[in-house]
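Below: the structure, in structure tokens.
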Amino acid sequence: MLEAYRKHVEERATLGIPPLPLNAEQVNELVQLLKSPPAGEEKALVELLTDRVPPGVDEAAYVKAGFLAAVAKGEAASPLIDKRKAVELLGTMLGGYNIQPLIELLDDAALGELAAEKLKFTLLMFDAFHDVEEKAKAGNANAKAVIQSWADAEWFTRKPKVA
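Right under this line is the structure:
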């Protein structure tokens, strides 16, 4: 998988165009490599997962979010991605398949605050807003913090000033 993708990157570079993002099959293979990484490929594997899988709701994003959610919940393991890193990466996916795992993690004693931080800056929530709202009404402090952050528009006000 790695060699085939590197060849693809090289071919596209000769054409002066960027490589295509990974597809679902490639991400499945990448997940297996992340669970048992070949020596010397550790950095490349994490970079592929971080930078070459499209965010949102395509099949590759589904595989990525599923793997990261499993790592965050302790259902899967990788020597390269710990639970906190998994939550951080889920928080970069903008919306879609990462939302439900982040909402579930609001209840986690160790990762709930980090999940909340990531949700504060995720705007593509759609109907999942109500899940966060329910948790907040039930007394979940992390969910309350997310709702307050959205109300305060921190996703906007914490952006760098435009010169």
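For the sequence shown, this note's numbering begins at -18 and goes up steadily by one.
Cβ atoms here follow ideal geometry from the backbone N, Cα and C, with glycine treated the same way.
- One Cα belongs to residue 56, the other to residue 45, and the distance between them is close to 14 Å.
- Of all alpha-carbon atoms in 98, 25, 135, the one lying nearest the alpha-carbon of residue 122 is that of 98.
- DSSP, reduced to helix, strand and coil, places residue 76 within a strand of the structure shown.
- The alpha carbon of residue 137 has as its nearest neighbour, out of 103, 124, 51, 41, the alpha carbon of 103.
- Selection 74, 73, 48 evaluated against residue 62 yields 48 as nearest (Cα-Cα).
- Look at residue 55 here: in three-state DSSP terms it is coil, with no helix or strand label.
- With a cutoff of 8 Å on beta-carbon distance, residue -17 and residue 25 are scored as near each other.
- Per the coordinates, the alpha-carbon of residue 112 lies some 21 Å from the alpha-carbon of residue 70.
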